[in-house]
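Only one structure is covered here, and it is reproduced in the block below.
Residue numbers (the UniProt record's numbering): 1 to 272.
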């Protein structure tokens with residue numbers, strides 16, 4: 001219960017203080033009161049300074065203020081100043097405003113012109129930024145298109161590379177097959193060459209034997225007049241088989257190999 005009373009008293013003092021403060025603020029906002037306070041301080045500034053900064057006792061301060069204060073400085077001059085401030089100051093302000101009207105208009109015009117220039121610059125900047133964005137979008141779109149085309153070209157190149165690789169592999173296989181065939185042909189050619197060499201050696205041997213035979217039996221040196229086992233002469237045999245090469249001494253080894261073998265056998269019989 002006591003605490004409630006203390007709180008109530010505190011709230012009452014708080015409301016009283018707030019009310020007094022609001023009243024003082026409203027009074028201070030009154031132009032007449034404010035002008036009077038300023039005027040009074042202006043005409044009685046010596047007494048105020050002596051009151052606050054003098055080291056004398058309060059009796060001496062009151063005596064000094066009473067001796068140096070008159071009704072003119074206390075009331076007349078402050079009231080006259082209030083009348084002048086409240087009545088004449090608005091007209092003076094109007095005159096000053098009229099004098100300042102044209103300069104202020106010029107100042108406003110200059111400020112408006114500066115603002116307009118600023119807006120124009122900002123607008124131009126915004127246009128440039130917008131154009132930059134559009135250009136950037138165009139460049140970006142073009143770059144993306146170029147990148148896509150490059151990707152497609154790379155894919156086509158990879159496909160072409162794969163085809164070329166497959167074709168190269170096929171050609172390589174063909175080359176290997178041809179190399180193998182060439183090796184086989186070379187081997188066959190080598191065998192044929194060896195066979196031909198042996199046949200030439202056999203022909204030379206037969207030729208030597210035939211020369212020896214002609215030396216030993218000159219009466220039988222005419223090979224055409226010789227007779228074979230079947231009673232056919234060699235001349236007829238050569239004409240029958242188109243072996244005229246023997247007549248000129250340039251025999252065809254492949255076609256005459258059998259004939260030369262036969263002659264060799266015939267020579268062996270004559271030796272016996």
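Heads up, the beta-carbon is just placed ideally off N, CA and C, and yes, glycines get one too.
On a predicted model such as this, the values are computed, not experimentally measured, just so you know.
Residue 61 places its beta carbon less than 8 Å from that of residue 54. Collapsing the DSSP output to three states places residue 50 in a helix. The beta carbon of residue 36 is closer than 6 Å to those of 78, 82 in its chain, skipping five residues each way along the sequence. Counted as a single uninterrupted DSSP element, the alpha helix (DSSP H) harbouring residue 210 occupies residues 89 to 216. Distances from the alpha-carbon of residue 69 to those of 40, 93, 91, 58 put 40 closest. When the alpha-carbon of residue 73 is set against those of 58, 48, 212, 34, the nearest one is in 48. Ranked by Cα distance from residue 33, the options 86, 71, 56 are led by 86. Straight-line measurement puts the Cα of residue 71 at about 48 Å from the Cα of residue 107. DSSP, read as helix, strand or coil, puts residue 55 in coil. DSSP, reduced to helix, strand and coil, places residue 69 outside both helices and strands of the structure shown, so it counts as coil.
In the DSSP annotation of this structure, residue 85 is not part of any alpha helix (DSSP H), being labelled neither H nor E. By the Cβ neighbour-count rule, residue 43 is buried, with 16 or more other Cβ atoms within 10 Å of its own. In terms of Cβ geometry, residue 65 and residue 51 form a close pair [threshold 8 Å]. Here the alpha carbons of residue 126 and residue 150 stand approximately 35 Å from one another. Within the model, the alpha-carbon separation for residue 111 versus residue 118 is close to 10 Å.
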